[in-house]
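Take the sequence shown: its letters are residues 1 to 491, numbered as in full-length UniProt numbering.
I have placed the structure first, in the form of C-alpha cells, so that the comments after it can refer back to it.
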Amino acid sequence: MSALDWMADADRLSPWPQAKVVVAGLGTSGFAAADGLLEVGAQVRVLDENDNQVNTEKGTVLEMLDATVELGQGTTTTLPDDVDLVVTSPGWRPSAPLLAQAAARGIPIWGEVELAWRMQHPDRTVPWLAVTGTNGKTTTTQMLESILLAAGLKTSAVGNIGRPVMEAVLDETPYDVFAVELSSFQLHWMNSVQMHSAAVLNLQPDHLQWYEGDGFDDELSPMQRYRADKSRIFHHVRHSCVYNVADQATEQMVEQADVIEGARAIGFTLGVPGMSMLGVVDDLLVDRAFVEQRKDSAMELARVDDVHPNAPHNIENALAAAALARSFGVTPRAVADGLRNLQLGGHRIQTVHEHDGVRWIDDSKATNPHAANSSMRAFGSIVWIAGGQAKGTSFDELVQTHASRLRGAVLLGVDRHVVAEALAKHAPEVPVVVLDSTETSVMEEAVRAASGMAKPGDVVLMAPGCASQDMWSGYDARGNDFAEAARRLGA
C-alpha cells in the first residue's frame, strides 16, 4: 500500500516530488496528465502498448522532461512495485492488468479529469460548467462555450470534446469558466470534482460492453454501472443540477445526488416550463428558473430559429446549455447571441447533397439508437443507411417508433444483422438491402442502393445508430465517405 498518506487529499501544493506515479496510456489525456505531473515535480513513468510514431515522438518529449517512458507490447501487463498513484486514460477498463493490480494493492486510480481538478492553481481556481449524457454532449458543450464567449467571458471547451482539461489548467490564460464535456469513462475515474453546475442531457444504453465482466466490485448490471457513472457529474455540485424533464432517469439522478447545500434542480423541456425550468413557448426559448418572479413569469432567452439545426433534440441541447450559462449569471442577450453565432461541426444532421428532389443527410455522429432516433423524428419519408458496431444495444424500439417513416433501409457493418432483425420483426414491409462487404468502399454501394429506393421528397438519412470503428477510423471518416459518394450522384 502507498506510504503517502497525503495522496487522498492531494492538490497542487502537495509534496509531489515524493510521489511515484504511473500514467497508463499516452493518448491526448495521458500526455497532458504526464506533463502536469512533471510540472509539479512528480516521478512519472508512462506505459503504453502502442509504440507508433506519434507515441514515440510524445514519449521523447516527456523523456526530455525527466519522465520514464515505456512503449511496446508487454509494457502494460505488470504494475511496477514502487507506485503511489496511477493516472489512467479514460478508455481503460477497470479490468486492465495495470488497473486491476493497482486496485488490489490499494493504490489510488485517478483519471486525467480528477488530476486536473486537483492541479488547479489555488489563487486562480476556475469554475466548471459540465455536460454529460448519452447523446448531444459535444453539441451542448459547443453551444455553452459560444454563449459564454458572447457574454464576454474567457472560456474554453475542454474534456471529451478534444482539449484535455489538464492542458487548460496548465494554460496561463486567466480563464473565467470552463465548459467541460465528460464521457462516462471520464466520470468513472472522478471522485472529488465539484462542479459549479452540471447537466445530464439524457440516458440510454450505450458503451455497455465496457461495463461487462471483471473489474467491478459490485453486483450491478452493465446499464446500472453506466448510469451510476453518469450520475457522478452531479455529486458535489455547488449551484445547479440540470436535468431533462422528458427523461425521468436524469431527474432521479438529481434527486439522489450528494450536492453542496443550496444547490438547485433545474429542468429543461420542449413544452411550457414549470417553475425552476427552461422551456419553449410560442417558438421562444424561455427561462422560469433564473428570474426573480419565476412563480408567474418567464424571461425570453432566444428564438427557436436562433438554434441551428432547430430539430427537437437540438432545442433540448440549447436549453441545457442556456441553463448552465444562466446559472453562471449570463444574460439572456448573450444566450441568444451565442446560439445564433454558433457554427457546429459536421456529421450532425448535415445536408450534404440534393439530387432529383432527394436530400442526403449525414448524421454519422448518431452512433447509438438514441441519437438516431433524434434525427429520424425530424424527417418524414426516410431511406435509412444504418449499421456498424452496435455495442450491445437493441434497435427494436427505434424501428418500432419509426417504421411508418421508412421507405427503405440499407444496412452495412459488422452488426448489420442486429438492425436487420429489428426491421424484420417490427417493419417487415420495409425493403431492406444488406451489404456484406467489410471495406470502406461499401459506402459507394450503400449510396447507390439508397438512391434506387428514394423518391422525390424523400430524405436519405445516414444515421447509423452504431459506432464506426469496425471499418472507419471514426464517425467523421464515415460521414466524409457518405458525403463524397452522395455528391457523385448525377455528377
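We put the beta carbon where it would ideally sit given N, CA and C, even for glycine.
Keep in mind that this is a model prediction, so the values were computed, not measured.
Residue nearest to residue i in terms of C-alpha spacing, selected from the options
i    : options                : result
A467 : A157, L412, L461       : L412
V259 : H188, S375, H239       : H239
V200 : A372, W472, Q252, L98  : Q252
V126 : E49, L461, V165, W92   : V165
G159 : G338, W210, A168       : A168
A334 : A321, L4, P273         : A321
L208 : S197, A454, L220       : L220
L339 : A318, H236, R288       : A318
S197 : H235, R163, S437, T351 : H235
K295 : P273, I349, A151, E255 : P273
T56  : A34, G111, L71         : L71
M230 : E429, Y475, V254       : The sequence given here places Lys at residue 230; Met does not occur at that position. It is V254 whose Cα lies nearest to the Cα of K230.
M376 : H308, E181, V399       : V399
G279 : E316, F328, R264       : E316
V383 : A420, V419, N310, A449 : A449
A420 : A103, V281, P464, F379 : P464
I233 : T250, V432, M223       : T250
V434 : V447, T440, H417       : H417
P122 : L38, S14, A263         : S14
K20  : D9, F31, L38, A32      : L38
A392 : L153, K58, W210        : A small correction: the amino acid at residue 392 is Gly; Ala does not occupy that position in the sequence shown. The option with the nearest alpha carbon to G392 is W210.
A8   : V177, S192, V83        : S192
A104 : G380, D81, H355        : D81
Proximity below 9 Å, CB of residue i to CB of residue j
i           : j    : result
I109        : L148 : no
R12         : V40  : yes
H370        : N244 : no
L342        : P312 : no
V69         : V22  : no
I161        : K137 : yes
residue 507 : F482 : The shown model of the chain, from 1 to 491, leaves out residue 507, and the question about it has no answer.
A325        : L144 : yes
T141        : V180 : yes
Q194        : V237 : yes
A150        : D337 : yes
Y175        : S156 : yes
S327        : L489 : no
G111        : S184 : no
N50         : L26  : yes
A298        : V291 : yes
C241        : A228 : no
A67         : V46  : yes
A24         : L98  : yes
A378        : D396 : no
N373        : T401 : yes
T75         : A96  : no
A263        : M277 : no
Neighbourhood of residue i by C-beta, 6 Å cutoff - its chain only, sequence neighbours within 5 removed
i    : result
D206 : T134, N368
H353 : W360, A486, R487
V113 : V165, Q186, M190
M119 : R12, G36, V169
A116 : V165, M166, V169
Buried or exposed (CB count within 10 angstroms, at least 16 for buried), residue i
i    : result
M1   : Low confidence applies to M1: its pLDDT is 42, below 50, so where it sits in the model is not reliable enough to give any reading.
R214 : The sequence as given places Asp at residue 214; Arg does not occur at that position. Exposed, because fewer than 16 other Cβ atoms sit within 10 Å of the Cβ of D214.
S89  : buried
G267 : buried
M64  : exposed
A323 : buried
V61  : exposed
S451 : buried
K425 : exposed
Close beta carbons around residue i, own chain, < 7 Å, minus the five adjacent residues each side
i    : result
D415 : G387, G388, Q389, A390, C466
R478 : S364, S468, W472
F216 : P94, R225
L406 : I382, W384, A427, V430
Q18  : L4
V358 : A454, P456, D458, V460
Y475 : H347, S364, K365, T367, S468
A32  : E112, P164, M166, E167
A446 : I385, V410, L412, L435
A10  : R118
Contacts around residue i, its chain only, beta-carbon distance under 8 Å, and the 5 residues preceding and following it disregarded
i           : result
residue 493 : Any question about residue 493 goes unanswered here, given that the chain covers just 1 to 491.
(request) Give, in chain order, every unbroken run of the beta strand (DSSP E) that is at least 3 residues long and sits entirely within the segment 359-410. (result) Considered as a whole, the segment 359-410 harbours 382-386 as its complete beta strand (DSSP E) runs of no fewer than 3 residues, in chain order.
(request) Ignoring anything shorter than 4 residues or poking outside the segment 156-190, list the alpha helix (DSSP H) runs there in chain order. (result) Complete alpha helix (DSSP H) runs here, min 4: 165-170, 184-188.
(message) Just to confirm the assignment: which complete beta strand (DSSP E) runs, minimum length 3, are found wholly within the segment 199-229?
(response) Counting whole runs of 3 or more residues, the segment 199-229 contains no beta strand (DSSP E) stretch at all.
(message) Extract the residue ranges of the beta strand (DSSP E) inside the segment 73-155, only unbroken runs of 3 or more that lie entirely within it.
(response) Qualifying beta strand (DSSP E) stretches, in chain order: 85-88, 109-111, 128-132.
(request) Starting from the N-terminal side, write out each stretch of the beta strand (DSSP E) that is 3 residues or longer and does not extend beyond the segment 26-76. (result) Runs of the beta strand (DSSP E) lying entirely within the segment 26-76, each at least 3 residues long, are 43-48, 68-71 in chain order.
(message) At 4 residues or longer, what runs of the alpha helix (DSSP H) sit wholly inside the segment 295-370?
(response) DSSP runs (the alpha helix (DSSP H)) wholly in the segment 295-370: 312-327, 332-341.
(request) Starting from the N-terminal side, write out each stretch of the alpha helix (DSSP H) that is 4 residues or longer and does not extend beyond the segment 259-293. (result) Counting whole runs of 4 or more residues, the segment 259-293 contains no alpha helix (DSSP H) stretch at all.
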